Amino acid sequence: MTRAYFGTDGIRGKANSWPITPEVALKLGMAAGIVFRRGKHQHRVVIGKDTRLSGYMIENALVAGFTAVGVDAYVLGPMPTPGVAMLTQSLRADLGVMISASHNPFYDNGIKFFGPDGFKLSDAVELEIERLLETDLASQLAGSEGLGRATRIEGMRDRYMEFAKRTMPRGISLEGMRIVIDCAHGAAYKVAPDVLWELGAEVFPMGVEPNGFNINRDCGSTSPQALCDKVHEVRADIGIALDGDADRVIIVDENSKIIDGDQLMAAIAQSWKQDERLSAPGIVATVMSNLGLERFLQGEGLHLARTKVGDRYVVEHMRAHGYNVGGEQSGHIVMSDFATTGDGLVAALQLLACVKRMNKPVSQVCKRFEPVPQILKNVRYAGGKPLEHKKVQEAIKAGEEKLGENGRLVIRASGTEPLIRVMGEADNRDTLVSVIDDIVGAVEKASV
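Take the sequence shown: its letters are residues -8 to 439, numbered as in the working numbering.
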């Protein structure tokens, strides 16, 4: 069955346009509630969201759908994605839902699910939900006496904050550190600055005034320039940028230089190896991670296992093969000792622990390897399947031959936007530029 609704990270699109409409959300709540019926107990779902205006609309439609099939809905309000995953387990819910389009602009929104174990759903379960979406669910609605209840529960942010603080090693305080935290006007706008302050840091918050429209706008992990400027202005030791739902993080060092997820994974992997905390001799990352990371890990006697793009595929591989550290170059860092999904705040805290232990500047702690020149270009398309075009395939083949064993290409369609992502890396940058330009040109012509 072809996936019609779900992408690499749930269902996503422009708010109030298919598939992010109240009608789809209503039926999605019904379908998901039916799929997760297990036994005769009173079923429950935990629902969190970020700060987008459309979150109210989607939240209410989902609540209606879940309660219509007899599932009690516990509504959290703005909450980081990892907080929803954690609370799904903690509250013994049958299902968790996060309403967010992550790093996308405010006019997009999305819906992603967590199972009762706090992990994102498998492809098979998502396909089963999609199958039900295309059927008449009237016969499976609850009777009048069996409808679910909806409850908005308070105090859940505090529970997530305490969880995050407990991930810091004992005896380590952030006293004396000047930290700028950019919350992207998103889901962590209250919890992240408070956690850092309670751990002892002097905190300079940014992106903490959401109005429904400004999430990720010129801020957060995808637009870190404002953070760089602020770090320089206040002479901070570190800058931390989260995205709209706070499941990813980008770091800025004391020199206002941006540090991506690959360097974070390298620093954490090296530290955890020294502390004998790695559950397997390596980490898991995606095909987008830099070749320099792979070479660094090899020098440390560690293996880099690669998966296709999407943090849930990273997590699936970690679970299947016993790894406890993984992530993406974009800043999704997963540490299964603490969480079931990427957690930007917890990843930042682990890095801060490394900084305090080593007593060195962030720039030194996070410079674990020299990245191989890497170029990523996005080509927007209106429809069709540009990657199947003959000229595009020919350009890709020619590029692979030109790079040979000294580089690699990853060309894929985005799972969340109508984009073709053209990524390549090679020791020779000039050759790489030529190869990428040729492929991008072919994709653009095929997209007309």
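By construction, the Cβ of each residue, glycine as well, lies at the ideal position given by its N, Cα and C atoms.
Keep in mind the model is a prediction, meaning the values are calculated, not measured.
Which of helix, strand or coil does DSSP assign to residue i?
i, result
"H32", "coil"
"P69", "strand"
"S214", "coil"
"I107", "Looking at the sequence itself, residue 107 is Pro, so the reference to Ile does not match. Reduced to three states, the DSSP call for P107 is coil."
"D63", "strand"
"A6", "coil"
"E408", "coil"
"N246", "coil"
"K381", "helix"
"K351", "coil"
"E125", "coil"
"N100", "strand"
"E416", "strand"
"L400", "strand"
"G191", "coil"
"G24", "helix"
"G390", "helix"
"G395", "helix"
"G(-2)", "strand"
"C357", "coil"
"K181", "coil"
"L293", "coil"
"D114", "helix"
"L138", "coil"
"D220", "helix"
"K376", "coil"
"A84", "coil"
"S270", "coil"
"L440", "One cannot answer for residue 440 here, as it falls past the ends of the chain, which runs -8 to 439."
"L132", "coil"
If we ignore side chains and look at the alpha-carbon of each, how far apart do residue i and residue j end up?
i, j, result
"I163", "G191", "10 Å"
"D236", "P69", "9 Å"
"G211", "M89", "19 Å"
"D99", "H308", "29 Å"
"T332", "L342", "17 Å"
"R239", "L269", "21 Å"
"I250", "A338", "13 Å"
"L44", "R3", "15 Å"
"R399", "E416", "6 Å"
"G283", "G(-2)", "29 Å"
"R140", "Y314", "39 Å"
"A76", "N246", "35 Å"
"H323", "G252", "7 Å"
"H380", "V278", "23 Å"
"V62", "I144", "16 Å"
"K436", "D429", "11 Å"
"S8", "R303", "26 Å"
"L394", "L410", "24 Å"
"I427", "L336", "34 Å"
"V275", "I402", "20 Å"
"L233", "A217", "13 Å"
"Y(-4)", "M152", "33 Å"
"P321", "K248", "Looking at the sequence itself, residue 321 is Ser, so the reference to Pro does not match. One C-alpha to the other measures close to 16 Å."
Counting along the chain, where does the alpha helix (DSSP H) carrying residue i start and finish?
i, result
"T72", "72 to 81"
"H312", "302 to 312"
"Q365", "Run containing Q365: none in the alpha helix (DSSP H); it sits in the beta strand (DSSP E), 365 to 371."
"R150", "147 to 157"
"L233", "Per DSSP, L233 belongs to no alpha helix (DSSP H); it is in the beta strand (DSSP E), 229 to 233."
"A258", "252 to 265"
Please list the terminal residues of the continuous beta strand (DSSP E) segment that includes residue i.
i, result
"I427", "Here I427 belongs to no beta strand (DSSP E); instead the alpha helix (DSSP H) covers 420 to 437."
"N51", "Looking at the DSSP string, N51 is not in any beta strand (DSSP E); the run it does join, the alpha helix (DSSP H), is 46 to 59."
"R161", "Neither: R161 is in no beta strand (DSSP E) and is coded neither H nor E."
"I274", "273 to 277"
"I206", "No beta strand (DSSP E) contains I206, which DSSP labels as neither H nor E."
"A141", "141 to 143"
Name the DSSP bridge partner or partners of residue i?
i, result
"T298", "T277"
"I282", "First, the amino acid is wrong: residue 282 is Leu here, not Ile. Its beta-bridge partners do not exist; DSSP assigns none."
"P196", "I172"
"K40", "P69, I90"
"V240", "L233"
"I11", "S8"
Within the segment 309 to 341, ranges of the alpha helix (DSSP H) (whole runs, at least 4 residues): DSSP runs (the alpha helix (DSSP H)) wholly in the segment 309 to 341: none.
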